[in-house]
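K.L.:
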Amino acid sequence: MNPKDLATTARNTWCPGCGNFSILSAMRSVLADLDSEGYPIENVVLISGIGCHAKIVDYMNVNSFYSIHGRTLPAASAIKIANPDLKVICFSGDGDSLAEGLDHLIFAAKRNIDITLILHDNRVYGLTTGQYTPTSPQGFKGKSTPAGSAEHPLNPPELMLVSGASYIARGYTHGIEQLQKLFKEAILHNGFSFVDVLQVCVSYNNLYESYNKWTYNVQGNDAASFDEAQKIIRSWNYDRSDVPIPLGKFYKIEAPRFDQAFAAYPPNLSERDGKIKALLESFI
Amino acid sequence: MNNFSTLVGGIAGDGINEAGLTVARLYSRLGYHIYMYYDYPSLIRGGHNFSLVRASRQKIAAHMDRIDVLVALNQETVEKHTGRLKDNSLVIYDADKVKLDDTKHKGFGLSITSILKEATAPAVMKNTCIIGGYCKVVGIDWSVLEDVLKKHMPKMLELNLQVARHGYDQAVELCRIDSSVDENDEKDKKHLPIITGNQAISLGLIKAGLMAYVAYPMTPSSSVLDFMARYAQDFGLKVIHPENEIAVMLMAQGFAYAGIKAAVGTSGGGFCLMTEGLSLAGMAEMPVVVVMAQRTGPSTGLPTYTAQGDLHFVLNAGQGEFPRFIVAPGDAEEAYYWSGVALNLAWKYQVPSFILTDKIVSESQYSFDQDRAGDPADERKEQDQQTPLLWDGRGLYNRYRYTDTGVSPLAFPPQKGQVIKVDSYTHDEGGITSEDPQITRETCDKRQRKGQSLAAYLEAYETVKVFGDEKSKNALLCWGSNKGVCLEAAQKLGLRVIHVLVLSPFPERKLRDALQGVERLLAVECNSTGQLARLAGSYGIKILAQDQILKYDGRPFSVEDLLGELGRAMA
Numbered sequence: 006m007n008p009k010d011l012a013t014t015a016r017n018t019w020c021p022g023c024g025n026f027s028i029l030s031a032m033r034s035v036l037a038d039l040d041s042e043g044y045p046i047e048n049v050v051l052i053s054g055i056g057c058h059a060k061i062v063d064y065m066n067v068n069s070f071y072s073i074h075g076r077t078l079p080a081a082s083a084i085k086i087a088n089p090d091l092k093v094i095c096f097s098g099d100g101d102s103l104a105e106g107l108d109h110l111i112f113a114a115k116r117n118i119d120i121t122l123i124l125h126d127n128r129v130y131g132l133t134t135g136q137y138t139p140t141s142p143q144g145f146k147g148k149s150t151p152a153g154s155a156e157h158p159l160n161p162p163e164l165m166l167v168s169g170a171s172y173i174a175r176g177y178t179h180g181i182e183q184l185q186k187l188f189k190e191a192i193l194h195n196g197f198s199f200v201d202v203l204q205v206c207v208s209y210n211n212l213y214e215s216y217n218k219w220t221y222n223v224q225g226n227d228a229a230s231f232d233e234a235q236k237i238i239r240s241w242n243y244d245r246s247d248v249p250i251p252l253g254k255f256y257k258i259e260a261p262r263f264d265q266a267f268a269a270y271p272p273n274l275s276e277r278d279g280k281i282k283a284l285l286e287s288f289i
Numbered sequence: 088m089n090n091f092s093t094l095v096g097g098i099a100g101d102g103i104n105e106a107g108l109t110v111a112r113l114y115s116r117l118g119y120h121i122y123m124y125y126d127y128p129s130l131i132r133g134g135h136n137f138s139l140v141r142a143s144r145q146k147i148a149a150h151m152d153r154i155d156v157l158v159a160l161n162q163e164t165v166e167k168h169t170g171r172l173k174d175n176s177l178v179i180y181d182a183d184k185v186k187l188d189d190t191k192h193k194g195f196g197l198s199i200t201s202i203l204k205e206a207t208a209p210a211v212m213k214n215t216c217i218i219g220g221y222c223k224v225v226g227i228d229w230s231v232l233e234d235v236l237k238k239h240m241p242k243m244l245e246l247n248l249q250v251a252r253h254g255y256d257q258a259v260e261l262c263r264i265d266s267s268v269d270e271n272d273e274k275d276k277k278h279l280p281i282i283t284g285n286q287a288i289s290l291g292l293i294k295a296g297l298m299a300y301v302a303y304p305m306t307p308s309s310s311v312l313d314f315m316a317r318y319a320q321d322f323g324l325k326v327i328h329p330e331n332e333i334a335v336m337l338m339a340q341g342f343a344y345a346g347i348k349a350a351v352g353t354s355g356g357g358f359c360l361m362t363e364g365l366s367l368a369g370m371a372e373m374p375v376v377v378v379m380a381q382r383t384g385p386s387t388g389l390p391t392y393t394a395q396g397d398l399h400f401v402l403n404a405g406q407g408e409f410p411r412f413i414v415a416p417g418d419a420e421e422a423y424y425w426s427g428v429a430l431n432l433a434w435k436y437q438v439p440s441f442i443l444t445d446k447i448v449s450e451s452q453y454s455f456d457q458d459r460a461g462d463p464a465d466e467r468k469e470q471d472q473q474t475p476l477l478w479d480g481r482g483l484y485n486r487y488r489y490t491d492t493g494v495s496p497l498a499f500p501p502q503k504g505q506v507i508k509v510d511s512y513t514h515d516e517g518g519i520t521s522e523d524p525q526i527t528r529e530t531c532d533k534r535q536r537k538g539q540s541l542a543a544y545l546e547a548y549e550t551v552k553v554f555g556d557e558k559s560k561n562a563l564l565c566w567g568s569n570k571g572v573c574l575e576a577a578q579k580l581g582l583r584v585i586h587v588l589v590l591s592p593f594p595e596r597k598l599r600d601a602l603q604g605v606e607r608l609l610a611v612e613c614n615s616t617g618q619l620a621r622l623a624g625s626y627g628i629k630i631l632a633q634d635q636i637l638k639y640d641g642r643p644f645s646v647e648d649l650l651g652e653l654g655r656a657m658a
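Chains as they are written, first to last, in our numbering: chain A, 6 to 289; chain B, 88 to 658.
(1) Identify the residues that DSSP records as bridge partners of residue 587 (chain B): which are they?
(2) Per DSSP, residue 53 (chain A) forms a beta bridge with which residues?
(3) Just confirm the distance between the C-beta atoms of residue 99 (chain A) and residue 126 (chain A), as a whole number of angstroms; I'd bet it's less than 8 Å.
(4) Check the Cβ-Cβ distances between residue 331 (chain B) and every residue of chain A, and say whether any is below 8 Å.
(5) Please report the distance separating the alpha-carbon of residue 221 (chain B) from that of residue 179 (chain B).
(6) State the start and end residues of the unbroken alpha helix (DSSP H) segment that holds residue 159 (chain B).
(7) Given a cut-off of 8 Å on the beta-carbon distance, is the pair residue 385 (chain B) and residue 129 (chain B) in contact?
(8) From B:112, B:576, B:501, B:135, pick the residue whose C-alpha is nearest to that of residue 277 (chain B); which is it?
(9) Name the chain A residues that come within less than 7 Å of residue 146 (chain B), Cβ to Cβ?
(10) What number of angstroms, rounded off, separates the C-alpha of residue 502 (chain B) from the C-alpha of residue 49 (chain A)?
(11) Mind checking if residue 50 (chain A) is an interface residue toward chain B, Cβ cutoff 8 Å exclusive?
(12) For residue 296 (chain B) and chain A, any beta-carbon pair shorter than 8 Å?
(13) Between residue 186 (chain B) and the rest of its own chain, which residues show a CB-CB distance below 7 Å, the 5 nearest in sequence each way excluded?
(14) Would you say residue 497 (chain B) reaches chain A, if we count a Cβ-Cβ gap shorter than 8 Å as a contact?
(15) Taking only beta carbons into account, state which residues of the region 275-287 of chain B come closer than 8 Å to chain A, listed in chain order.
(16) To which residues of the same chain is residue 328 (chain B) closer than 6 Å at the C-beta, ignoring the five residues directly before and after it?
(17) May I ask which residues mark the beginning and end of the beta strand (DSSP E) holding residue 174 (chain B)?
(18) Between the C-alpha atoms of residue 746 (chain B) and residue 549 (chain B), what's the straight-line distance to the nearest angstrom?
(19) Could you name the residues of the region 19-30 of chain A whose beta carbon sits closer than 8 Å to any beta carbon of chain B, in the order they occur along the chain?
(20) Suppose you measure from the CA of residue 616 (chain B) to the CA of residue 303 (chain B); what does that come to, to the nearest Å?
(21) Got a sec? Which residues, its chain only, sit under 8 Å from residue 239 (chain A) by beta carbon, not counting five neighbours each side?
(22) Is residue 29 (chain B) helix, strand or coil by DSSP?
(23) Counting only beta-carbon atoms, is residue 259 (chain A) nearer than 8 Å to chain B?
(24) For residue 337 (chain B) and residue 80 (chain A), which I take to be in contact (beta-carbon distance under 8 Å), what is that distance rounded to the nearest angstrom?
(25) Counting only beta-carbon atoms, is residue 237 (chain B) nearer than 8 Å to chain A?
(26) For chain A, find out if any of its Cβ atoms is closer than 8 Å to the Cβ of residue 479 (chain B); answer yes or no.
(27) If you run the structure through DSSP and keep just helix, strand and coil, what is residue 470 (chain B)?
(28) So with CB distances below 8 Å, who are the chain A contacts of residue 519 (chain B)?
(29) Go through its chain and collect everything with a Cβ distance to residue 599 (chain B)'s Cβ below 8 Å, but skip five positions before and after it.
(30) Can you find a CB in chain B that lies within less than 8 Å of the CB of residue 267 (chain A)?
(31) Apart from the five residues just before and just after residue 71 (chain A), which ones in its own chain have a Cβ nearer than 6 Å to its Cβ?
(32) Could you tell me which residues DSSP puts in a beta bridge with residue 379 (chain B)?
(33) So, is the C-beta of residue 281 (chain A) closer than 8 Å to a C-beta in chain B?
(34) Could you pull out every residue in the same chain whose Cβ sits closer than 7 Å to the Cβ of residue 459 (chain B), ignoring the five residues on either side in sequence?
(35) Could you compute how far the alpha carbon of residue 314 (chain B) sits from the alpha carbon of residue 289 (chain B)?
(36) Under 9 Å between beta-carbons, which chain B residues line up against residue 237 (chain A)? List them in chain order, please.
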């Protein structure tokens, strides 16, 4: 399969230079690859929230559930539980998953459900034209915080690590080969996989210069070590723009999955009438 | 004996609900129909709980204030409920805890503490002990109680039987409950199960093919979740209790996307959180069933008490315009039947479907006759009844293909060579986002056509029921749990009862037919603004404020309450 086969007729409305193009391109390549490697494309379901990131499902000719703001993971969780053979991939923004839908993100990690979440982390609300988000640095001057945001940002990979996610990585939209590698690893990972993508918003928060200067690839780290992952993740807290920013795979372990807890239940539709009668008998 | 009411009272933790249920089962074995109202405050231990068990030769779904027997496990029960006693009522009490000054009423004090001590039985068994005494006092044979206990005591059966027997032996017979069973009628000998409305809803959904249930606990809907979870293995259900009601509503739609029939359950506060996802279901055309059990509001209100205050909330919940099905069953049998219908209709028309109850229908206990309730699948023999409209597999799949009925054929992933796209935005037939004005209008029309198709399909159903004296010029208009009490009051006063079962799509024509010849129409509702009256008013069926009998103190109408109100209204 050619990645181009995964395009749709929808007109792309992202700004020129938007980091989302890299995510779209990387994901199309990965899904086309996986299709030829025994993971058929019809078994993939994409779920997106609301925001610039979310348009990605309109641009991919793949099964999709274009959900509402912050609500990718609950819909995705049920799809996975309903049919564990499906590869379920969520696309979410930093406002989407870390503000409106934070509860779902923490619970998905806590459950280690076999879903991949790609965080389009541009650290600004784009579609609503420039407000601070949970990953904007303190002092961020957005439309809702003209005097500068008073809050410190969340560190999403750190939050995922303590919540129970079993695969955690970070990519950058200027590094498409690394994105492809991380996306593929995440999709094939057995459990909840989280990829924080530093996705540049050219219109409201253009961090290309800063990211180009400070990002580096972690190498030789022990991804099975919680402590090591935590140390790498904590080396940059999203607040500063004068320290190195690690990219790559930070953490990967095997752990029991929530979606496996349902596997043993047969549907038993044909036996229901008899069972209902027996149950009613017990209420006499 | 046509009617016999027993009140069992004590503190939370005394097992008052279970004691009431035991009494109910005794009468069920004697051939009576049962209704039990359970009154409890929102706490785990302490406080005053009581079960009001009514046995009748007729099918009933309402309680009476006046009681024949008061069973008191504490002093507070006597003090709170003495006013309910009739001249010939009996009082059975724990003589070690309760001092009975009342000399007017015959009674019997059991030395429960001593009996339990002698048997080295734990304090929780006091309810079994007093029910033993109760049976003797009202003349129910020991063998009947033994049968009930043997069937329903999950643990320490022998010890329970022993303390019940001590209670039975210590008491004296003061009256004799005769069996209601007609020995010549085989059907009459069949004992009916006693279940709550929530259990009936669960069974109705399971019967109609439910595959998943998702809920966050909230009184008075929680017992649906508990029931589904308990029997999940038996019926192959996927039962999930997620982080909040927002997740609940979205999970149900994830299931629907994958072809799994799912339902959710909540009460008003939880439903507030679901409305965002409800609107998604409207736009994305996801079938989802919502069990919405009302309690007293606004806000936290009275968590364990009743109301019919959320009708207009459910009718209008969610931004934008989209069709929905709403049914408000009046008892356990209707709850069973219509829950199955609600699930089928959700999938047939790809709309949200509501089973709107209240604390009374959800948590009261009813004699339940499965045959009488009916089988939602048998109502119409059409093949499509239980199976939604499925894609025929030809050509290119479009999730939102335009059709005459507005209903697009469903397909579920994986489908080789096809994509299945659902969308919360306005979208084209393929499920791709669009802001085109023509598509916006067309898709709105498509959704409305589904509502019209649903309304037309419902013509074959009894969406408005008429009871009582069908010729009477005076009629009561009610919905949901007030069916039972209206029916009894109407029988006494020779009135017609019009029970509106389906609230959306509103059965205007059927309601007008039911109103033929009515000169005086009184609305009976458990809210302060007359919500059904207001809904009917929007269809030109006017009910004046003085013709609305409204109760909004968290408690249901008793038969006496309604008779009193009707006496004043019709004077």
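Glycine residues also receive a C-beta, built at the ideal position from the N, C-alpha and C atoms.
P.N.:
By the coordinates alone:
(1) Indexing the second sequence from 1 puts residue 587 (chain B) at position 500. Answer is B:551.
(2) Numbered from 1 along the first sequence, position 48 holds the residue referred to as residue 53 (chain A). Under DSSP, residue 53 (chain A) takes part in a beta bridge, and its partners are A:71, A:96.
(3) Numbered from its first residue, the first sequence carries residue 99 (chain A) at position 94. Numbered from its first residue, the first sequence carries residue 126 (chain A) at position 121. Residue 99 (chain A) to residue 126 (chain A), Cβ: 5 Å. Contact.
(4) In the second sequence, counting from the first residue as 1, residue 331 (chain B) sits at position 244. Under the Cβ distance rule, residue 331 (chain B) counts among the residues neighbouring chain A, one pair being separated by less than 8 Å.
(5) On the second sequence, position 134 is the one that residue 221 (chain B) refers to. On the second sequence, position 92 is the one that residue 179 (chain B) refers to. Cα-Cα distance, rounded: 7 Å.
(6) Within the second sequence, residue 159 (chain B) is the residue found at index 72, counting from 1. Residue 159 (chain B): not part of any alpha helix (DSSP H); member of the beta strand (DSSP E) spanning 154-159, first to last residue.
(7) Reading the second sequence from its first residue, position 298 is the one you call residue 385 (chain B). Reading the second sequence from its first residue, position 42 is the one you call residue 129 (chain B). Between residue 385 (chain B) and residue 129 (chain B), the CB-CB gap reaches or exceeds 8 Å.
(8) Reading the second sequence from its first residue, position 190 is the one you call residue 277 (chain B). The shortest Cα separation from residue 277 (chain B) among B:112, B:576, B:501, B:135 belongs to B:112.
(9) Residue mapping note: residue 146 (chain B) aligns to position 59 of the second sequence, counting from 1. By Cβ distance, chain A contributes nothing, its closest Cβ being about 16 Å from residue 146 (chain B), past 7 Å.
(10) As a working note, residue 502 (chain B) is residue 415 in the second sequence. As a working note, residue 49 (chain A) is residue 44 in the first sequence. The straight-line gap from Cα to Cα measures roughly 10 Å.
(11) For the purposes of this step, residue 50 (chain A) is taken as residue 45 along the first sequence, with counting starting at 1. Residue-level contact by beta carbon holds for residue 50 (chain A) and chain B, with a gap shorter than 8 Å.
(12) Residue 296 (chain B) sits at position 209 when you count from the first residue of the second sequence. So, interface residue.
(13) By 1-based counting over the second sequence, the position of residue 186 (chain B) is 99. 162, listed in sequence order.
(14) Residue numbering aside, residue 497 (chain B) sits at position 410 when the second sequence is read from its first letter. No, residue 497 (chain B) lies away from the interface with chain A (no Cβ there is under 8 Å from its Cβ).
(15) Taking 8 Å as the Cβ-Cβ cut-off against chain A, the residues of the region 275-287 of chain B that qualify are 278, 279, 280, 281, 282, 286.
(16) Within the second sequence, numbered from 1, the residue matching residue 328 (chain B) stands at position 241. Annotation for residue 328 (chain B): no residue places its beta carbon closer than 6 Å to its own, counting only its chain and skipping 5 residues before and after.
(17) Taking the first residue of the second sequence as 1, we reach residue 174 (chain B) at position 87. Residue 174 (chain B) -> beta strand (DSSP E) spans 172-181.
(18) As shown, chain B starts at 88 and ends at 658. That puts residue 746 (chain B) outside it, with no answer to give.
(19) For chain B, none of the residues of the region 19-30 of chain A brings a beta carbon within less than 8 Å of one of its beta carbons.
(20) As a first step, residue 616 (chain B) must be located in the second sequence, where it is residue number 529. As a first step, residue 303 (chain B) must be located in the second sequence, where it is residue number 216. Answer to the nearest angstrom: the Cα atoms are 29 Å apart.
(21) Counted from its first residue, the first sequence places residue 239 (chain A) at position 234. When the five nearest sequence neighbours on each side are left out, the beta carbons in the same chain lying within less than 8 Å of the beta carbon of residue 239 (chain A) are those of 160, 163, in order along the chain.
(22) Any question about residue 29 (chain B) goes unanswered here, given that chain B covers just 88 to 658.
(23) Within the first sequence, the letter at position 254 stands for residue 259 (chain A). No, residue 259 (chain A) does not count as interfacial toward chain B.
(24) If you number the second sequence from 1, residue 337 (chain B) lands on position 250. If you number the first sequence from 1, residue 80 (chain A) lands on position 75. For residue 337 (chain B) against residue 80 (chain A), the beta-carbon gap comes to about 5 Å, under 8 Å, which counts as contact.
(25) Start at 1 with the first residue of the second sequence, and residue 237 (chain B) comes out as number 150. Taking a beta-carbon distance threshold of 8 Å, residue 237 (chain B) does not count as an interface residue toward chain A.
(26) Translated into the one-based positions of the second sequence, residue 479 (chain B) becomes position 392. No, no contact with chain A.
(27) Taking the first residue of the second sequence as position 1, residue 470 (chain B) is located at position 383. Unreliable placement is indicated for residue 470 (chain B), whose pLDDT of 47 sits below 50; no coordinate value is reported for it.
(28) Stepping through the second sequence from its first residue, residue 519 (chain B) is reached at position 432. By Cβ distance, chain A contributes 13, 14, 15, 63.
(29) The residue labelled residue 599 (chain B) in the question sits at position 512 within the second sequence. So the qualifying residues of the chain are 628.
(30) Here residue 267 (chain A) refers to the residue found at position 262 when the first sequence is read from its first residue. Yes, residue 267 (chain A) counts as interfacial toward chain B.
(31) The sequence position of residue 71 (chain A) within the first sequence is 66, counting from 1. For residue 71 (chain A), where only same-chain residues beyond five positions count, the Cβ hits under 6 Å are 53, 62.
(32) On the second sequence, position 292 is the one that residue 379 (chain B) refers to. Per DSSP, B:353, B:443.
(33) Working through the first sequence from its first residue, we reach residue 281 (chain A) at position 276. At a cut-off of 8 Å between beta-carbon atoms, residue 281 (chain A) makes contact with chain B.
(34) As a first step, residue 459 (chain B) is located in the second sequence; it is residue number 372 there, counting from the start. Correct list, in chain order: 420.
(35) Sequence index remark: in the second sequence, residue 314 (chain B) carries index 227 (1-based). Sequence index remark: in the second sequence, residue 289 (chain B) carries index 202 (1-based). C-alpha separation (whole angstroms): 7 Å.
(36) Along the first sequence, read from residue 1 onward, the residue named residue 237 (chain A) stands at position 232. The premise fails here: residue 237 (chain A) is roughly 29 Å from chain B at the closest Cβ pair, so nothing lies under 9 Å.
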